[in-house]
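Chemist: First the structure, which I've put down as structure tokens, then a few questions once you've had a look.
In my numbering, the protein residues as written are 99 to 364.
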């Protein structure tokens with residue numbers, strides 16, 4: 099359909115251009131005289147007056163042709179700009195898709211930490227370049243952390259994936275349900291609405307972290323550093339908070355009394 103529209107468009111432009119050429123040729127021929135003859139006042143014109151009148155008609159015709167050509171040029175330039183933009187979008191989409199596929203392939207490599215790190219940072223770039231891919235990137239990195247966060251201290255690639263996951267607000271919920279990321283270094287983490295139910299966050303550095311509306315039911319936050327963290331509207335039913343470090347800048351859900359849960363006020 100798009101090709102048909104393009105062909106019809108260019109055909110119309112070609113037809114109009116041909117007609118304009120005919121008009122230009124006629125303007126230097128008998129056309130001005132014919133135009134004058136159609137006017138009732140033409141019979142009163144003689145000599146120089148008739149020549150001047152034909153010149154005026156010819157000038158008006160050429161100006162009209164020039165105006166039409168200007169419009170055609172503008173339309174043509176606009177169509178070319180749209181075509182170029184469409185080609186750029188297609189090329190960019192292909193590049194993003196290729197980068198995404200290669201990054202996932204690197205992430206699944208079981209032999210090389212370097213390749214997995216490359217895949218993680220490539221996915222981070224994909225999320226920067228194409229917001230439409232951010233949900234898929236978050237899901238893949240979350241699954242990677244859930245599958246590989248099984249030893250302490252956290253492996254380098256898992257720590258890198260956590261850093262990427264915690265550095266932006268994703269359009270979807272980061273799913274780390276039941277994941278053991280104890281001792282992770284996540285200051286300033288942006289984990290709003292994150293699913294952290296039953297997760298082991300003990301000894302984790304969450305200073306200044308944004309955990310608004312996060313699901314922390316049953317999560318282990320013992321000895322975690324929550325100084326300046328924002329836990330407003332977070333779910334904390336059954337969460338373990340003994341010896342968690344907080345300060346006066348730490349924000350809690352309404353009616354939550356941290357002192358009853360053994361937190362330490364710095």
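Built from N, CA and C at the ideal position, the CB exists for glycine as well.
Please read all numbers here as calculations on a predicted model, not as lab measurements.
#1: For residue 288, I'd like the list of residues in its chain whose CB is within less than 7 Å of its CB, leaving aside the five on either flank, ordered along the chain.
#2: Spell out a yes or no on whether the region 267-281 and the region 292-309 are touching, meaning 3 or more CB-CB pairs, one atom from each, closer than 8 Å.
#3: What do you reckon, are the CB atoms on residue 336 and residue 313 nearer than 9 Å?
#4: Counting C-beta neighbours from all protein chains within 10 Å, is the total for residue 348 16 or more, i.e. buried, or is it exposed?
#5: Output the distance between the C-alpha atoms of residue 102 and residue 157, rounded to the nearest integer angstrom.
#6: Can you give the Cα-Cα distance for residue 339 and residue 220, rounded to whole angstroms?
#7: CA-CA distance, residue 323 and residue 344?
#8: Look at the Cβ atom of residue 194, then the Cβ atom of residue 237, and state whether they are nearer than 9 Å.
#9: Can you pull the DSSP bridge partners for residue 362?
#10: Residues bridged to residue 308 by DSSP?
#11: In angstroms, rounded to a whole number, what distance separates the CA positions of residue 359 and residue 241?
#12: Does the beta-carbon of residue 218 have 16 or more other beta-carbons within 10 angstroms, so that it is buried, or is it exposed?
#13: Could you pull the DSSP bridge partners for residue 313 from this structure?
#14: Measure the Cβ-Cβ separation of residue 351 and residue 331 and say whether it is below 9 Å.
Modeler: The relevant details are as follows:
#1: Closer than 7 Å at the Cβ level, and outside the excluded window around residue 288, lie 264, 265, 266, 267, 308.
#2: At 8 Å Cβ cutoff, the stretches touch.
#3: No, Cβ-Cβ distance for residue 336 and residue 313 is not below 9 Å.
#4: Burial call: buried.
#5: With a pLDDT of 46 at residue 102, under the threshold of 50, the predicted position of this residue should be treated as unreliable, and no value is reported.
#6: Those two C-alpha atoms are separated by around 36 Å.
#7: Answer to the nearest angstrom: the Cα atoms are 6 Å apart.
#8: No, the pair does not count as a contact, with Cβ atoms beyond the cut-off.
#9: Answer is 343.
#10: Per DSSP, 288, 328.
#11: Each residue's Cα considered, the two are about 31 Å apart.
#12: When all chains shown are included, residue 218 counts as buried.
#13: As computed with DSSP, residue 313 is found in a beta bridge with 293, 333.
#14: In contact: residue 351 and residue 331 (Cβ atoms closer than 9 Å).
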